[in-house]
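The opening position of the sequence shown corresponds to residue 1 in my numbering, with each subsequent residue numbered one higher.
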Amino acid sequence: MNWSPARLRRPSVIPGFRLTLGFSLAYLFLIVLIPLGALLLKASELGIGGMLAIAFDARVLAALKLSFGASFVAALINGVFGLVLAWVLVRYRFPGKKIVDAIVDLPFALPTAVAGITLATLYAKNGWVGALFGPQTWVGSLFGPKGLMIAYTPLGVVLALTFVGLPFVVRTVQPVLADFDAETEEAAASLGASRLSTFTRVIFPALLPALTTGFALAFARAVGEYGSVIFIAGNIPMVSEIAPLLIVTKLEEYNYAGAAAIAVVMLAISFVLLLVINLLQRWNQSRMRA
Numbered sequence: 001m002n003w004s005p006a007r008l009r010r011p012s013v014i015p016g017f018r019l020t021l022g023f024s025l026a027y028l029f030l031i032v033l034i035p036l037g038a039l040l041l042k043a044s045e046l047g048i049g050g051m052l053a054i055a056f057d058a059r060v061l062a063a064l065k066l067s068f069g070a071s072f073v074a075a076l077i078n079g080v081f082g083l084v085l086a087w088v089l090v091r092y093r094f095p096g097k098k099i100v101d102a103i104v105d106l107p108f109a110l111p112t113a114v115a116g117i118t119l120a121t122l123y124a125k126n127g128w129v130g131a132l133f134g135p136q137t138w139v140g141s142l143f144g145p146k147g148l149m150i151a152y153t154p155l156g157v158v159l160a161l162t163f164v165g166l167p168f169v170v171r172t173v174q175p176v177l178a179d180f181d182a183e184t185e186e187a188a189a190s191l192g193a194s195r196l197s198t199f200t201r202v203i204f205p206a207l208l209p210a211l212t213t214g215f216a217l218a219f220a221r222a223v224g225e226y227g228s229v230i231f232i233a234g235n236i237p238m239v240s241e242i243a244p245l246l247i248v249t250k251l252e253e254y255n256y257a258g259a260a261a262i263a264v265v266m267l268a269i270s271f272v273l274l275l276v277i278n279l280l281q282r283w284n285q286s287r288m289r290a
């Protein structure tokens, strides 16, 4: 692309390229780069050896495994059911459709602490939903003599992260599906393609970039989630303790360098995973153009 001075001086909706660029860079430095730099500087007080000792601590590794593992599982679940929900909202008309469409955005508006308390109340052993999986019910007996524990277990963590991440997938896929050309489906059907073949070979490849973006957003949102998880996780070290809670624990102990070190580890892992997702998305887009 030609970035000549004449091209940069072309009239635009927002006048003043230098002013807007300077404001954008200043905003980026103040909101993103300076806080991240301060985080790295604080963690560096421990030195490489101290940071590695914290990163490979058994409790920290268990918390990181739960945070990233549960976030990945929750993003996968949202990828499947978010696609289905977006499909229903775009392709079908039914009573209460606008209400369902509004409920999708509920995790955006609902305070995370309220969501966590609500989920913990519903899915506890004596909750409305949790009681259905108790050992005294036929559903719970399918999972063993103790039934299925949802709240205060890693399963509860996945449930909370699925709740907060669903809107990202639905709202990312929904406009792409709405703009999809119906004539393409009709052409595939006229050529003898079945419904499944039309979806897998025509529709799904067009939705895959948006679905991947929604997956990445849901995953990133889940990794840093705190409020809705702590009430339903149980916060048992080595079992249901998430990494953000461990950071808060370090801060309460006035171990700021240790908290910063755990945050740096989470930042590095998140950056690598999101980079891989973006590379896969670009590869898929280039393959579709070819």
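Each residue gets a CB set at the ideal place from its N, CA and C atoms; glycine is no exception.
Supposed contact pair residue j and residue i - C-beta distance, whole angstroms, cut 8 Å
{"i": "residue 152", "j": "residue 234", "result": "3 Å"}
{"i": "residue 225", "j": "residue 112", "result": "7 Å"}
{"i": "residue 222", "j": "residue 74", "result": "5 Å"}
{"i": "residue 262", "j": "residue 246", "result": "6 Å"}
{"i": "residue 281", "j": "residue 200", "result": "Not a contact, Cβ separation roughly 19 Å."}
Outcome for residue i when other beta-carbon atoms lying within 10 angstroms are tallied against a minimum of 16
{"i": "residue 250", "result": "buried"}
{"i": "residue 278", "result": "exposed"}
{"i": "residue 78", "result": "buried"}
{"i": "residue 194", "result": "exposed"}
{"i": "residue 99", "result": "exposed"}
{"i": "residue 345", "result": "Nothing about residue 345 can be read from this structure; the chain reaches only from 1 to 290."}
{"i": "residue 192", "result": "exposed"}
{"i": "residue 196", "result": "exposed"}
{"i": "residue 34", "result": "exposed"}
{"i": "residue 286", "result": "exposed"}
{"i": "residue 32", "result": "exposed"}
{"i": "residue 211", "result": "buried"}
Residue i, DSSP secondary structure in three states
{"i": "residue 138", "result": "helix"}
{"i": "residue 235", "result": "coil"}
{"i": "residue 283", "result": "helix"}
{"i": "residue 105", "result": "coil"}
{"i": "residue 255", "result": "coil"}
{"i": "residue 129", "result": "coil"}
{"i": "residue 93", "result": "coil"}
{"i": "residue 124", "result": "coil"}
{"i": "residue 149", "result": "coil"}
{"i": "residue 175", "result": "helix"}
{"i": "residue 216", "result": "helix"}
{"i": "residue 69", "result": "helix"}
{"i": "residue 77", "result": "helix"}
{"i": "residue 144", "result": "coil"}
{"i": "residue 82", "result": "helix"}
{"i": "residue 191", "result": "coil"}
{"i": "residue 27", "result": "helix"}
{"i": "residue 292", "result": "This structure gives no information on residue 292, because the portion of the chain shown stretches from 1 to 290."}
{"i": "residue 168", "result": "helix"}
Beta carbon of residue i nearer than 9 Å to that of residue j
{"i": "residue 241", "j": "residue 59", "result": "yes"}
{"i": "residue 232", "j": "residue 156", "result": "yes"}
{"i": "residue 123", "j": "residue 161", "result": "no"}
{"i": "residue 76", "j": "residue 215", "result": "yes"}
{"i": "residue 105", "j": "residue 89", "result": "no"}
{"i": "residue 107", "j": "residue 166", "result": "yes"}
{"i": "residue 71", "j": "residue 219", "result": "yes"}
{"i": "residue 185", "j": "residue 172", "result": "no"}
{"i": "residue 67", "j": "residue 243", "result": "yes"}
{"i": "residue 164", "j": "residue 82", "result": "no"}
{"i": "residue 64", "j": "residue 265", "result": "yes"}
{"i": "residue 154", "j": "residue 239", "result": "yes"}
{"i": "residue 109", "j": "residue 227", "result": "no"}
{"i": "residue 217", "j": "residue 180", "result": "no"}
heavy atom of the ligand NAD below 8 Å from residue i C-beta
{"i": "residue 73", "result": "In the structure shown, the ligand NAD is absent, as is every other ligand, since no ligand is present at all."}
Residue-level contact to chain C via CB, residue i, 9 Å cutoff
{"i": "residue 169", "result": "Of the chains in the structure shown, none is chain C; there is only one protein chain."}
- Three or more C-beta pairs closer than 8 Å, one from the segment 127 to 137 and one from the segment 43 to 59: is that the case here? Inter-segment contact for the segment 127 to 137 and the segment 43 to 59 is absent: fewer than three beta-carbon pairs are separated by less than 8 Å.
- Could you tell me whether the segment 31 to 47 touches the segment 173 to 188, using the rule of 3 or more Cβ pairs below 8 Å? Short answer: they don't touch.
- Any 3 or more C-beta pairs closer than 8 Å across the segment 249 to 267 and the segment 117 to 132: In short, these stretches do not touch, since the Cβ pair count stays below three.
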